[in-house]
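Using numbering that gives the first Met the number 0, you'd call the opening residue of the sequence shown number 0 and step up by one each time.
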Amino acid sequence: MKFVTHMLGLLVVTALLVACGGSPAEVPSPLAPSDTLKVDNAAFNDIVTGWEQQVSAGLKVGMVKPETIVANSYLTNSALSEVVDYYNKQLGATGWTYRKRTPGLQDGVYIGGFEHGTTSLVIGAIDLTPFGATGTYVYVASGNK
């Protein structure tokens, strides 16, 4: 439970730190989503529920218009490091700025905040190994100011 509380706190901080900018930008497509991966774990479900609630609330506090918030999640067979590399390369190549005050990759969890113009983006990804599964869970939420 301490892990879940820690993760929720990091997501709130991340969402609050995402700053403002210029015009809407496109969020990269998911990295190799899998329709066959499944996770049946109560702690994992608590994290997912928390991310959905806290990131949306944090984006709103960061002046993102609620009607523009789009959130998606997926499971992938890719390792957490591959997910992090994919998003960092894709976002960097298309003009997104990484918010240096976001936690980044720590202890099997990645939380990154990005901005591009008036678009704010939060990416949360977690290694599924501690939850008895394989692959990575990815949560992506964006919105415009």
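Glycine residues also receive a C-beta, built at the ideal position from the N, C-alpha and C atoms.
In the DSSP assignment, GLU114 falls within the unbroken beta strand (DSSP E) covering 108-115. Three or more beta-carbon pairs drawn from the region 70-88 and the region 130-141 are found closer than 8 Å, and the two stretches are therefore classed as touching. For TYR73, same chain residues with a beta-carbon under 6 Å away, outside a window of 5 residues either side, are PRO29, PRO32 and VAL137 in chain order.
If you check the CB distance, THR117 and LYS144 come in under 8 Å. Taking a C-beta distance under 8 Å as the contact criterion, ASP126 and LEU79 qualify as a contact pair. Restricting attention to ILE68, ALA70, GLY49 and PHE113, the CA atom closest to the CA of THR93 is found in PHE113.
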